[in-house]
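Count the sequence shown with UniProt numbering and you get residues 1 to 166, in order. All residues carry an ideal CB built from backbone N, CA and C; glycine is no exception. What follows is a short report on a single structure.
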Amino acid sequence: YVSLARLDGDYFMCKFADIKEAAVLLADIPMPLAERFTFCTAPANLRNPLARRIFVDYAIGHGNQRSVPLDVYLPKMAPRNELALRDVEIKAKLIDVYLWLSYRFPDTFKMQAEALEMKDRVLELVEEGLVNVTYKKSDDKPKKKVGEWNTDRTKFVRYADARQAN
Numbered sequence: 001y002v003s004l005a006r007l008d009g010d011y012f013m014c015k016f017a018d019i020k021e022a023a024v025l026l027a028d029i030p031m032p033l034a035e036r037f038t039f040c041t042a043p044a045n046l047r048n049p050l051a052r053r054i055f056v057d058y059a060i061g062h063g064n065q066r067s068v069p070l071d072v073y074l075p076k077m078a079p080r081n082e083l084a085l086r087d088v089e090i091k092a093k094l095i096d097v098y099l100w101l102s103y104r105f106p107d108t109f110k111m112q113a114e115a116l117e118m119k120d121r122v123l124e125l126v127e128e129g130l131v132n133v134t135y136k137k138s139d140d141k142p143k144k145k146v147g148e149w150n151t152d153r154t155k156f157v158r159y160a161d162a163r164q165a166n
């Protein structure tokens, strides 16, 4: 792709490592060069093994002229820890890639309406998960007790959290 690129003297090629990596993944998949290039510029996170595998599955389905399903399953509950939140974020990115490809290849990526609905749901899950993970971390910090000095011994704690009083 770099050797085929035509650039004016005022422009230069940058950040093409991801495009090259995608091109290597798609090398054996039968599709025209223009479509292959479009796939290579898709916003896929190829560093994640699941995203990489699904990206290749999308390309194989498209290359074989088949309807490409959106096989992303979301949890029913919002994530409660960082690992579960990361999993939901990866699924959000997979849905983004599907939507991106559906705008360019509507004949094979036909589940655009479902993908848009899933996108709304996954954004809700990420938002709720961020709240859960953030507040869980702040709850893990030790609370000051009435009559306790700060660590630098400059301030005496006069009031405790209402939950400690009960």
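Out of the options, which has the shortest C-alpha to C-alpha gap to residue i?
i, options, result
"Asp96", "Asn81, Thr108 and Leu70", "Leu70"
"Ala92", "Val24, Leu50, Ala23 and Ile19", "Leu50"
"Val56", "Lys110, Val122 and Ala27", "Ala27"
"Val68", "Ile60, Val24 and Met77", "Ile60"
"Glu127", "Pro43, Met77, Leu33 and Arg66", "Met77"
"Pro79", "Gly129, Lys110, Thr108 and Gln65", "Gly129"
"Met118", "Leu83, Phe109 and Tyr73", "Tyr73"
"Ala42", "Met31, Asp10, Tyr98 and His62", "Tyr98"
Tell me which residue opens and which closes the alpha helix (DSSP H) that residue i is part of.
i, result
"Ala44", "Careful: Ala44 lies outside any alpha helix (DSSP H) and carries neither H nor E."
"Leu25", "Ala17 to Leu25"
Return helix, strand or coil for residue i, following the three-state DSSP convention.
i, result
"Met31", "coil"
"Thr38", "helix"
"Ala92", "helix"
"Gln164", "The predicted position of Gln164 is uncertain, since its pLDDT is 48 and thus under 50; a value taken from the coordinates is nonetheless stated next. Looking at Gln164 - three-state DSSP - the assignment turns out to be helix."
"Val56", "helix"
"Ser132", "The residue you asked about is not Ser; residue 132 is Asn in the sequence shown. Residue state, collapsed to three classes: helix."
"Ser102", "helix"
"Tyr159", "Interpretation of Tyr159 is limited by its pLDDT of 49, a score under 50 that renders its predicted location unreliable; no figure is taken from the coordinates."
"Arg80", "coil"
"Leu125", "helix"
Do residue i and residue j have their C-beta atoms within less than 8 angstroms of each other?
i, j, result
"Pro75", "Leu116", "no"
"Val133", "Leu85", "yes"
"Ile54", "Leu25", "no"
Is the beta carbon of residue i within less than 7 angstroms of some heavy atom of the ligand FMN?
i, result
"Glu127", "Among the ligands in the structure shown, none appear at all, so the ligand FMN cannot be discussed."
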